[in-house]
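Residue numbers (full-length UniProt numbering): 1 to 207. In this text, a Cβ means the ideal position worked out from N, Cα and C, and glycines have one as well. In this text, all values refer to a predicted model and were calculated from it rather than measured experimentally. These notes are about the structure you will find just below.
Spelled out as structure tokens, the structure:
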């Protein structure tokens, strides 16, 4: 189990260190606590992979010698749960989307994808956000682009405004058009301008 987790850590480190300097600055602590942005990103990767709380993943990482070495951190140098939480909120969606893109490149993608949306209840998890922006966000729409052979998420678009599929579909698909051979979607995404844009791309066909 530990060998598998450490292999995951090494992959996460490799991915996170490929982020642009601008992205890394957006993740790291603006107060300059010495923990680089890529280390924050790796810890967030781990938290999701282990389905753990912020405190749990920090405790685990600090106790594992090889993980500390991969993160270039000694005991006592790790950030606290609050600082890790803030880095998740601080970085814009574009940074996390870039991490998703880099991680999807580890897979042998088929080029055949499907796009669809689902909805997540955010009433409790977004309470701190609601207080800051004075908005009532109860449900977030997440539109996923998925490789149909690998079952892997290639790209994602999240919105509290529930955009129509014909609006968000092109945005998600066209920024990945160079990697697509075909795209499957339901009628909610069926729009002639969307089809024409895909057909004009370097590879993609529409069905």
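Of the candidates 23, 44, 139, 190, the residue whose Cα lies closest to the Cα of residue 9 is 44. Cβ neighbours of residue 78 within its own chain (closer than 6 Å, five residues either side excluded): 58, 62. Below 8 Å, too few C-beta pairs join the segment 110-117 and the segment 48-58 to call them touching: fewer than three.
Beta-bridge analysis with DSSP links residue 115 to 145. One alpha carbon belongs to residue 100, the other to residue 154, and they sit about 7 Å apart. Per DSSP, reduced to three states, the secondary structure at residue 79 is coil, with no helix or strand assignment. DSSP places residue 184 within a strand segment (E or B) once states are collapsed to three. The shortest C-alpha to C-alpha distance from residue 190 to any of 165, 70, 182 is the one to 165. In the displayed model, residue 200 falls within coil according to three-state DSSP, outside both helix and strand. Looking at the backbone, the Cα of residue 119 and that of residue 159 are separated by about 10 Å.
Closest by C-alpha distance to residue 92, out of 37, 182, 169, 7, is 37.
Residue 75 sits exposed, since fewer than 16 C-beta atoms from the chains shown fall within 10 Å of its C-beta. Take residue 84, set aside five residues on each side of it, and the residues of its chain with a beta-carbon closer than 7 Å to its own are 40, 43, 54, 58, in chain order. C-alpha of residue 66 to C-alpha of residue 149: approximately 34 Å in a straight line. Residue 72 and residue 183 have their C-alpha atoms some 42 Å from each other.
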